[in-house]
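In what follows, a single structure is set out as structure tokens and then discussed.
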Amino acid sequence: MNEIKLMKEIFNDCLYIGITRTCNTRHYAEQNIQELATSLGIHIAALNESYCLQKEDAYAYEVITAIAEGKKLGSLEPEDVSKYLPLPVEAMVLETKLAWLITVNNILEAVISILENIKLICRFIH
1 MNEIKLMKEI FNDCLYIGIT RTCNTRHYAE QNIQELATSL GIHIAALNES YCLQKEDAYA
61 YEVITAIAEG KKLGSLEPED VSKYLPLPVE AMVLETKLAW LITVNNILEA VISILENIKL
121 ICRFIH
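Next up, the structure:
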């Protein structure tokens, strides 16, 4: 709790607590997280579990994971293309699919704001 208060002092209005529901399952501590955020004046953002930047990268992620786990590539599960970083427009569309977002004030708006302000710089070393 002290660490969160310290982070709030440092980041002030730029601090967010993220909530995600893997397989639409509510996390056991979600209510406590919401209460903590409200009591400390911290924004809550709905998060999408993301492993890649674009839907098209889902297969590459599956291959890398299979190699890391020592699985044969022929035994790959069907692609889960839902675990990518949505664009702001897609996040707005997701609102209709994620009705649970409505239960917490402004968490979808927080995510859209974060996505609109991301400046991603990738440097590749050859």
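Residue numbers for the sequence shown follow my numbering, so the first one is 1 and each next one is one higher.
Using N, Cα and C, we set each Cβ at its ideal position, and we do this for glycine too.
None of these values were measured; they are calculated from a predicted model.
Checklist entry - With C-beta atoms as the reference, is C127 less than 8 Å away from Y16? => result The chain is shown from 1 up to 126; residue 127 falls before or after that span and cannot be answered.
Item to check | Distance between N2 and E77 (C-alpha atoms, nearest Å) | outcome: 42 Å
Next on the checklist: Can you list, in chain order, the residues of its chain with a C-beta nearer than 8 Å to that of I132? Leave out the 5 residues immediately preceding and following it.
Outcome noted: Because the chain in this structure spans residues 1 to 126, residue 132 falls outside the shown range and cannot be described.
Checklist entry - Can you tell me whether DSSP reads A29 as helix, strand or coil? => result coil
Next on the checklist: Measuring only the C-alpha atoms, how far is K71 from K8?
Outcome noted: 43 Å
Checklist entry - What is the DSSP secondary structure of G41, reduced to helix, strand or coil? => result coil
Checklist entry - For G70, does the three-state DSSP call read helix, strand or coil? => result coil
Checklist entry - By Cβ distance below 8 Å, which residues in the same chain neighbour S75 in space, the five residues on each side in sequence not counted? => result A66
Checklist entry - Assuming I4 contacts L47 under a Cβ cut-off of 8 Å, what Cβ separation, rounded to an integer in Å, is found between them? => result 17 Å between Cβ atoms; not a contact.
Checklist entry - How many angstroms separate the CA atom of L6 from the CA atom of V63? => result 40 Å
Next on the checklist: Counting C-beta neighbours from all protein chains within 10 Å, is the total for A110 16 or more, i.e. buried, or is it exposed?
Outcome noted: buried
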